[in-house]
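Heads up: the structure comes next, in structure tokens.
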Amino acid sequence: MQSIPVDTARLGVLRCAIAPEAKISNSETQEVKKDRDGNTIYTVAVTVRQDRRRISVIEIAVSGEPKGIEEGQILKVTGLMAFAWAMGDRHGISFRADAITPVHGTALKAGGA
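If you read the sequence shown in my numbering, its first letter stands for residue -14, the second for the next number, and so on.
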């Protein structure tokens, strides 16, 4: 699978849509997915909005639990890579990052804009 580096500066504002959740590798046993070093892999749903265009949501995987991330908060994503994948007649793009960190003071308050 070929990895493609993503320039996050061109993605506009990256905002947490769903806080970090452990990625499940087996839905029957609820086994969590681990990386080569044994760290749990987490996913964070992130909204992307470029130049006042419509909002897209991407899920970004990261090794180890990202700390201090809340829904609505603006995020800094480091080392973002995209991977094209195909399984039978299904295909898509998955995303993985070296780190996802909050930009402090940016969480939306309940009922706020």
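Ideal Cβ positions, reconstructed from N, Cα and C, are used throughout, including at glycine.
A(-6) carries a helical assignment under DSSP once its states are collapsed to helix, strand and coil.
Sorting G53, R38 and I26 by C-alpha distance to the C-alpha of I9 places I26 at the top. Remark: C-beta atoms of S(-12) and F80 do not approach each other more closely than 8 Å. In this structure T63 is exposed. Its beta-carbon is surrounded by fewer than 16 other beta-carbon atoms within 10 angstroms.
About 7 Å separates the CB atoms of T86 and L60; that is less than 8 Å, so the two are in contact.
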